[in-house]
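If you count by our numbering, then the sequence shown holds residues 203 to 656, one letter each, in order.
Let me begin by presenting the structure, written as structure tokens, before commenting on it.
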Amino acid sequence: MAEIMPHHPFPGLYTDDLVTEDHAARIFAERHTGKLLYCHSSGTWHEWTGAAWVPNRVGLAFQWARKICRELGGGQKPGARVTAGKTSSAAGVERFCKSDSAFAVTADVWDCDPWLLGTPGGTVDLRSGILRRADPGDRITKLTAVAPSRTTSCPCWLAFLDQATRSDVGLIRFLQQWCGYSLTGSTREHALVFVYGPGGNGKSVFINVLMGILAEYAKVAAMDTFTASKGDKHPTDMAMLRGARLVTASETEEDRAWAEARIKQLTGGDPVTARFMRQDFFTFVPSFKLTIVGNHQPMLRNVDDAARRRFSMVPFVHKPKAPDKDLEEKLRNEWPAILRWMIEGCLDWQIHGLVRPKSVIAATETYFAEQDLMGQWLNEECDVRLDDPNMWYRTTDLFAAWTSYARTAGDVPGTLKSFGPAMRRHGLLPHRSNTARGFKGVRLKYQPETNGDG
């Protein structure tokens, strides 16, 4: 009578086969290719859930490797069964698989397409607004909290915006465009939005809805990340922002100033070097839109063209007489429709760009005027006549007067070296005579005219 061989799920495996980690790893690949990826940049396995590649932190790959080792050990000689059942065997199989081309990736493959948005119901192509089935080849790792509905029926949300903006249709459109732009990984606007106003006017509700809907695409940063301080910021402050599409910060304090170089870097599409605690440095290009909410507007020391291009001040100044304490919960029920509303805003932005309404333009210009201390000094302390070819004043005397004015205002005057470029930004051109250097078209109001040639 012929010997009956025990059944085994893997063809070609017989009772006398040697159990090896390499063999088990090949079986692991046959079973699980397309289900798992190992990111060497983060040291994390990612599992395909049908909607996204989600980090798996519960040892799923090890569990699957151990299961294969147990199956391979069944029916083997006693020594082989003992070896296959050891923890080290399963760990060895997992190590093999981490380097297998079927599983090995690096962080630069994740979320590469700035126009794709992962949702629980599929992937939205933001170029068209169409929701389609999720594709593992897109390498999406993040999801919004909800899938978009088919319509933009969100009456509570629209009523909230109408009240918060005092029925400013242009401002509502701008906010819709900004929300839609924030769904993307594009930073081509090189802009930030500052939503300001007294407490109780809807600023927090607005930002909480955005953060709630964007979920894994959104990050909250400390305000210190964007304001000036004496010491350098730790690189982990930046590391946590990699891959985000919306970053918010709030609770601005009085008499704080923007970290202007950092703001320009983060909104200008420049690479940022950062690292997580006790890990190596890495470089990434920010993909997030910065939305800051506060009662107090940080100081801006350099009101230059770069700042004017970046800042949009959004006034939320209307406080409702009877605040609805349940408003955020009511709005949560509208999240799918609000997401569709945001997608419509994204499409509008792609066609027309950010359309800043009169209220935003006026608020932004007022902010710049208040922050332009040198402009105030020129207006109050100087006689400026740009069309007078004979008027000029010595640089040293102008700088001394400016230094006194700035310090009295509690600001830092800068150096004589930085004074020249600042004057030129205000339209004043340098002048050089046989005896001194100065600036054309300006003089101090309270000094004798004989300082210059005129």
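Note that the Cβ used here is the ideal one computed from N, Cα and C, for glycine as well.
- Going by DSSP, Pro538 is part of no beta strand (DSSP E) but of the alpha helix (DSSP H) stretching over Trp537 to His554.
- Residue environment analysis places Ser606 among the exposed positions, since fewer than 16 neighbouring C-beta atoms fall within 10 angstroms of its C-beta.
- Relative to the Cα of Asp507, the nearest Cα in the group Met515, Pro473, Val371 and Lys466 belongs to Lys466.
- Of the candidates Arg480, Leu502, Gln365 and Leu373, the residue whose Cα lies closest to the Cα of Thr429 is Leu502.
- The beta carbons of Ala539 and Leu575 sit about 46 angstroms from each other, so the pair does not count as a contact at 8 angstroms.
- Sorting Ala253, His242, Glu273 and Arg259 by C-alpha distance to the C-alpha of Thr222 places Glu273 at the top.
- Taking Glu453 as the centre and dropping the five residues before and after it, the same chain places the C-beta of Met425 and Gly496 closer than 7 angstroms to its C-beta, in chain order.
- For Val411, the enclosing alpha helix (DSSP H) stretches over residues Lys405 to Leu416.
- For Trp312, the three-state secondary structure derived from DSSP is coil.
- With contacts defined as CB atoms closer than 8 angstroms, Ala347 and Trp537 qualify as a contacting pair.
- A direct Cα-to-Cα measurement between Gly399 and Val411 gives close to 18 angstroms.
- Going by DSSP, Val505 is part of no alpha helix (DSSP H) at all; its letter is neither H nor E.
- Put simply, the segment 349–359 does not touch the segment 377–392. Fewer than three CB pairs are less than 8 angstroms apart.
- Comparing alpha carbon positions, the residue from Asp590, His242, Leu238 and Arg297 closest to Gly252 is Leu238.
- Between the segment 259–272 and the segment 333–341, the count of Cβ pairs shorter than 8 angstroms is below three; the stretches do not touch.
- Per the coordinates, the alpha-carbon of Gly622 lies some 53 angstroms from the alpha-carbon of Ala524.
- Comparing alpha carbon positions, the residue from Glu249, Pro632 and Thr438 closest to Trp312 is Glu249.
- Cβ-Cβ separation between Val449 and Lys421: approximately 5 angstroms, consistent with a contact (criterion under 8 angstroms).
- In the assembly as shown, Tyr648 is an exposed residue. Its beta-carbon has fewer than 16 other beta-carbons within 10 Å.
- Between His628 and Gly555, the CB-CB gap reaches or exceeds 8 angstroms.
- The continuous alpha helix (DSSP H) containing Ala565 extends over residues Lys560 to Gln573.
- Exclusion of the five residues before and after Cys299 leaves Ala227, Phe230 and Phe305 as the residues of its chain whose Cβ lies within less than 6 angstroms of its Cβ.
- Beta-bridge analysis with DSSP links Phe486 to Val474.
- In this structure, Glu583 and Leu646 form a Cβ contact; the two beta carbons are roughly 6 angstroms apart against a cut-off of 8 angstroms.
- Taking all protein chains shown into account, Ser303 has fewer than 16 neighbouring C-beta atoms within 10 Å of its C-beta and is therefore exposed.
- The beta carbons of Arg477 and Phe483 sit about 4 angstroms from each other, so the pair counts as a contact at 8 angstroms.
- Approximately 7 angstroms separates the beta-carbon atoms of Phe641 and Thr597; this is inside 8 angstroms, confirming the contact.
- In the structure shown, Ala524 adopts coil according to DSSP, grouped into three states.
- In the structure shown, the three-state DSSP call for Arg375 is helix.
- Boundaries of the alpha helix (DSSP H) around Cys358: Pro357 to Ala366.
- Between Leu360 and Gly320, the gap from beta carbon to beta carbon reaches 8 angstroms or more.
- Within the model, the alpha-carbon separation for Cys314 versus Ser301 is close to 22 angstroms.
- In the DSSP secondary-structure assignment, Val422 is bridged to Thr450.
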